[in-house]
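One structure is given below, encoded as structure tokens.
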Amino acid sequence: MDPLKGIGNKISDFFSPTAEASGNDQLYEIHVELPGVDEEDIDVTTDDNVLLIKGERKFEREEEGRTYYFSERSYGQFQRSFRLPGDADLAKVAATYTDGVLTVKVAKKEAGRNGEQRIPVNRG
Numbered sequence: 002m003d004p005l006k007g008i009g010n011k012i013s014d015f016f017s018p019t020a021e022a023s024g025n026d027q028l029y030e031i032h033v034e035l036p037g038v039d040e041e042d043i044d045v046t047t048d049d050n051v052l053l054i055k056g057e058r059k060f061e062r063e064e065e066g067r068t069y070y071f072s073e074r075s076y077g078q079f080q081r082s083f084r085l086p087g088d089a090d091l092a093k094v095a096a097t098y099t100d101g102v103l104t105v106k107v108a109k110k111e112a113g114r115n116g117e118q119r120i121p122v123n124r125g
């Protein structure tokens, strides 16, 4: 019995799309490549400073009259999570999906809005 038989099928049951994260003074921006995924099959949530992106690329293949010799396409459910920095403003998150790329923008909190407070040190 071949222990690796079918491993490709198991990997394709769950795949991890590629991503990149960047930012500037005003916001954080995350791009996730999801070609072939329908917009309604993408779910974006935040919880406890974690951005969670999950969904499914549905299996669509013409089988009748075809013999496939190999396939490097990934289908199935996917999930990516990103821990956001403490200054991420979870009340100001926007997501767009264009040409197979999901873009999530997370605003940064204004200085002082994240609970930080400067405590003066007085001479005793």
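Going letter by letter, the sequence shown gives residues 2 to 125 in my numbering. For each residue, glycine too, the CB sits at the ideal point set by N, CA and C.
In terms of Cα proximity to Pro-18, the closest of Gly-37, Arg-67, Arg-84, Glu-41 is Gly-37. The stretch 64 to 71 and the stretch 28 to 37 do not touch, with fewer than three beta-carbon pairs separated by less than 8 angstroms.
In the structure shown, Asp-44 falls within a strand segment according to DSSP collapsed to helix, strand and coil. DSSP, reduced to helix, strand and coil, places Glu-57 within a strand of the structure shown. Boundaries of the beta strand (DSSP E) around Gly-24: 20 to 24.
Its Cα nearest to that of Gln-78, the residue Leu-35 stands out among Leu-35, Val-102, Thr-104, Ala-89. Approximately 6 angstroms separates the beta-carbon atoms of Arg-84 and Val-51; this is inside 8 angstroms, confirming the contact. Counting every other CB atom within 10 Å of its CB across the protein chains shown gives Gly-101 a total below 16, marking it as exposed.
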